[in-house]
Amino acid sequence: MIYKDIVIIGAGPAGLAAALSAYENGVTDILILERENFLGGILNQCIHNGFGLHTFKEELTGPEYASRYIHKIEELNIEYRLNTMVIDISNTKQVIAINETDGVITIQAKAIILAMGCRERPRGALNIPGFRPSGIFSAGTAQKYVNINGYLPGRNIVILGSGDIGLIMARRLTLEGSNVKIVCEIMPYSSGLKRNIVQCLDDYQIPLRLSHTITRIHGKERIEGVTVAKVDASMQPISGTEEYVSCDTLLLSVGLIPENELSRKAGVVINPTTQGPFVSNSLETTIPGIFACGNVLHVHDLVDFVSEEAALAAKCAIKHIHGIQKHEKLISVIARAGIRYTVPSSIDPCEVDKMQLIRFRVSDVYENQYISVYFDFERVYHKLKRILTPGEMEQVILPKGWFDKFPTVKNISLEVERK
Amino acid sequence: MTEVGKRQVTCINCPLGCTLEVEIHNDESIIVTGFQCSRGEDYAKKEVLNPTRTITTTVPVLNGDVQMVSVKTSSDIPKKSIKACMLALKGIVVEAPINIGDIIIKNVCNTEVDIVATKEVKKK
Amino acid sequence: MMYDTIIIGAGVIGTNIASELAKYNLKIAVIEKNTDVCEETSKANSGIVHSGYDALPGTLKAKYNVLGSKMMADFCRRLAIPFRQNGSLIIAFDHKDLSKLEALKAQGIKNGVKGLRILDKEEIFRMEPEMNKNVVCALFAPTGGIVDPFQLTIGPAELAVQNGVDFFLKTTVTNLKKTNHCFQVETNIGIFQAKTIINASGLFSDDINNWVSSHKRTITPRKGEYCLFDKQMGSLVNSTIFQLPTVNGKGVLVTPTAEGNLLIGPNSLEDYDKEDTMTSLEGIKYVIETARKSINKVPTSFIITGFAGLRASEDESDFVLGEAEDVPGFFNALGIDSPGLTAAPAIAKDMAKWVATLLNASKNADYISERKRLVRFEAESLEQKQRLFQENHEFGRVVCRCELVTLAEIKDAIHRPLGATTIDGIKRRTRAGSGRCQGGFCSPRVLEILSQELHKDIREIAKFSEKSTFLVGLDKDLL
């Protein structure tokens, strides 16, 4: 049995930032467990620019962003094990992992920080009719093939999903010599950044078909083509709009799902909306001493927010280890009309320092509407937002003073209001 | 010679992606509106006169702890040079160890821009 | 070389017959057109071990269903095939249907099925809290079970190879002729000769039969579509839940699988195309809507994949088993649709006996009755996991995270008898790639392992058939 103050599961941006923050805040007995052969997680395959504008005030590629943390980890000699798969966590914070050198490792942690990231939604989950040929990849797996292994998945590509991963891969594959024929998006808008539409699609004249989806996969052994159709307001294919597009590869960028199998094993209660754990403002899950941050908690758009969140999780984990968390009362944070979810889902006012950040996503596209925050029935915040989309994480910052002003508040609710 | 008239351009400098209106006049002057920072104004002018991009790709590594090293152009290069730049990288293989910033190709395709490594690769 | 027997088809019937026939001193070959065994109907079915109430008394289906059902637990234990006797429930929504349930019960008893009893509402809901509230009564068949159809096919195939049976994969039979002293099996790789033929070729078994026999047979493919759910939903129901059978078959069922997933399906659509294993929008929709009648909520957001299989249904609706009257030495195992999976070990036993008797074959005293050890790391205790690691460090390298499959198991799957050469082959033998991420994490690794272990260019590694490769090039090949 190994004893550690903090065990961090995952050495992607969340895990690395958490480790660094823990060390800088006085706890050095840390162990990071990483299943890949390298530190940095998903950043290693995100070779494009656009990371670190907030954190480092420069635009870095994914690997460069990761290296800022990796260098410090190496410098400070923070312990990590690569090629190590965590296979179980208990609600008593016992972690069981396995690797090729040590075999089965059992670690008793004082605090665990979950930083496992997320997986991609597969074709099967979409029930796209057809055979089950080869040549169908989720965009992230295709990105891994190209950027980590140096393999090319296909020559003539169709992409379903215009989120950033789909757009980035449209450009990536085009640069490597593939012919990306179209990008289909079921929604009437793309959830990707506008700059990516320009740099990834417009630059290479790749057509973007909004309100379109794939209704059939053709080809039995290797994919030969897809049927693309327009969809109506309820996202149902419109008969008569079908078009056959030949291809030998289909990339799916249709959703990320936080990887909480281990969390579930530990008994952590998962929010069915986010598929990530319910957490308090200490980023503590329903199991005391188990914290969550990064994509495993909720899928982020900006890695800078991940690093921020992870740093906070580490600080709170330290408080837990020193037994100085108060756990006096928990105010529920409720997502009402127009709000899909909030993180955190509960707030302990004693843990609020100068202010409390609530991150959230809306459930639809709203133009010129208000984000409102209510402390019980009292509206304390009412801000006009020109545009709100589900693709962009939003936040509200609640000053500590408001918690002092409403000491008996039971619920804080967020909603989108017309006026 | 840039065409006279109005164009809409999306700035790609940061995730805000401001929509910029660009007016090109007969006397070749360019007026930009809609930017939220000075980089936007510069970008819009450049985009209509001489559009450039930063390119990121990968290069195979020998004897490294990973198979590929990610690389980028050290600065932006003309859009029209992108294809040639990619072809210049075809067949290039590097050997570990590699540090961030190592030059893989100097002055790629006469752009005065280098291809540099963006990842550290240790020897296997 | 003259074989004593050539078995055409390496589905669950063919491989089980091969492993039974190998108990006799005979030269046996199995010819299979696909790149692996278990590539057709055997890989795309419900995986149910039927108790036998559904088959018509006096038919071969009834006989072999019940025989197979009785054999299955022991058979699976010996061959390390995942199996669970979870019981079957046939539900009714109207008290008027009680008589139909009673009739099924009586039929089952006639067929030799034990333990059948009618349950009332209270008992049903105690057993299955997620049952649709409209269910009023049910027939409970405790001998019903669930089995891994891949292992039920691959296990016996491995055993056959261990006992000297030759397997010819990627070999398609193009013609079959009977001469004075033997059968000539024409294939794409040459002509085989055998004293006897066993026709276990599923969807194309009518063609094989009709080449030699004047008793013509017709196989009509009937498509069945399925949805498979995340293991998180694996204990939504405990038993296999059937609705009342119709002329089209047993209908859409809701069942846990032997591996712990939830499965719903199949529908039943007559097809004309023996290669059409496409899923359809209407088919999947029908399956989900029909499943909704059995359980309150079908957790569609937990679907991880869908698939379709084709039943090889014969016009006469019963199994066609045995020596063709007009062609001595030609044995049919034809028209094996449901309950074919259940019946397989029992059919194999009899078929082997018939052929061995005809050939006057002696028993093989050196018969190896145990498969090469098959490790399922995921299922082992922590202590056993550590012991396995000490034996082979590659048990410490997890390749498939969703199903916890290790490098040691994947390499073993490649190197054991009739080892995997494709991604699907690995999937069926080890479960790598069949989890919730459907290979998103592990397939790059598995591709590399296959390439290394088989000494094949990674661009040639395929999903199943030769054309179903993954990669088209390396680095900047396309520029």
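Protein chains in written order, with this note's numbering: chain A, 1356 to 1774; chain B, 1147 to 1270; chain C, 1099 to 1577.
Cβ coordinates follow ideal geometry from the N, Cα and C atoms, glycine included.
Computed from a predicted structure; not experimentally measured.
Counting only runs of 4+ residues, the alpha helix (DSSP H) found wholly inside the region 1488-1571 of chain A occupies 1494-1499, 1519-1530, in chain order. Using a Cβ-Cβ cut-off of 7 Å, Y1696 of chain A is close to nothing in chain C; its nearest Cβ partner there is about 15 Å away. Contact of S1422 of chain A with chain B is assigned, a C-beta pair being separated by under 7 Å. DSSP lists A:I1385, A:A1466 as the bridge partner or partners of I1361 of chain A. Counting only residues of its own chain and dropping the five nearest sequence neighbours on each side, G1494 of chain C has a CB closer than 6 Å to the CB of F1487. With its beta carbon less than 7 Å from one in chain B, D1573 of chain C belongs to the interface.
Looking at the DSSP output, Q1154 of chain B shares a beta bridge with B:E1167.
Residue contact check for K1549 of chain A against chain B: a CB pair falls below 7 Å. Judged by DSSP secondary structure, A1450 of chain C falls within the alpha helix (DSSP H) whose first and last residues are 1438-1456. Taking 4 residues as the shortest admissible run, the region 1393-1462 of chain A contains the following complete alpha helix (DSSP H) segments, listed from N- to C-terminal end: 1417-1430.
V1623 of chain A sits away from I1462 of chain A, with the two beta carbons spaced by 7 Å or more.
M1440 of chain A and H1409 of chain A have their C-alpha atoms roughly 32 Å apart. Across the set A:A1464, A:R1436, A:S1445, the C-alpha of A:R1436 shows the shortest separation from the C-alpha of G1458 of chain A. Closer than 7 Å to the CB of L1548 of chain C there is not a single CB belonging to chain B. The criterion of a C-beta distance shorter than 7 Å is satisfied by A1190 of chain B and L1166 of chain B. L1577 of chain C reaches chain B at M1232, L1233, K1236, counting residues in chain order whose Cβ is nearer than 7 Å. Taking a cut-off of 8 Å for Cβ pairs, the region 1229-1243 of chain C and the region 1390-1406 of chain C touch, as three or more such pairs fall below it. Chain B has a Cβ within less than 7 Å of the Cβ of Q1554 of chain A. The beta-carbon of S1216 of chain B is placed less than 7 Å from the nearest beta-carbon of chain A.
The criterion of a C-beta distance shorter than 7 Å is not satisfied by A1525 of chain A and I1467 of chain A. Using a CB distance cut-off of 7 Å, P1197 of chain B does not count as an interface residue toward chain C. Bounds of the beta strand (DSSP E) holding T1338 of chain C are 1338-1341. Annotation: S1337 of chain C to V1147 of chain C spans about 12 Å, alpha carbon to alpha carbon. For the region 1193-1230 of chain B, the continuous beta strand (DSSP E) assignments of 3+ residues that do not extend past its boundaries occur at 1202-1208, 1214-1219, in sequence order. For R1474 of chain A against G1538 of chain C, the beta-carbon gap comes to about 6 Å, under 8 Å, which counts as contact. At least one C-beta of chain A is nearer than 7 Å to the C-beta of P1206 of chain B. For a Cβ distance threshold of 7 Å, residue set L1408 of chain A lies close to C1160 of chain B, ordered along the chain. Taking a C-beta cut-off of 8 Å against chain C, the contacting residues of the region 1431-1446 of chain A are N1438, M1440, I1442, listed in chain order. Among the residues of the region 1443-1469 of chain A, those with a Cβ less than 9 Å away from any Cβ of chain C are D1443, I1451, I1453, N1454, E1455, T1456, D1457, G1458, V1459, T1461, in the order of the chain. When the five nearest sequence neighbours on each side are left out, the beta carbons in the same chain lying within less than 7 Å of the beta carbon of V1211 of chain C are those of S1149, G1150, Y1151, V1164, A1239, T1241, in order along the chain. For T1375 of chain C, the CB contacts under 7 Å within the same chain, skipping 5 residues up- and downstream, are A1142, A1406, G1407, L1408 in chain order. Scanning chain C for C-beta atoms nearer than 8 Å to the C-beta of S1546 of chain A yields nothing, as the closest lies near 19 Å away.
With 16 or more other CB atoms across the displayed protein chains lying within 10 angstroms of its CB, M1214 of chain B is buried.
Pairing C1671 of chain A with K1755 of chain A, the inter-Cα distance amounts to about 18 Å. Cα atoms of H1279 of chain C and L1515 of chain A: separation of roughly 60 Å, rounded to the nearest angstrom.
P1254 of chain C is positioned such that its CB atom lies no closer than 7 Å to that of K1208 of chain C.
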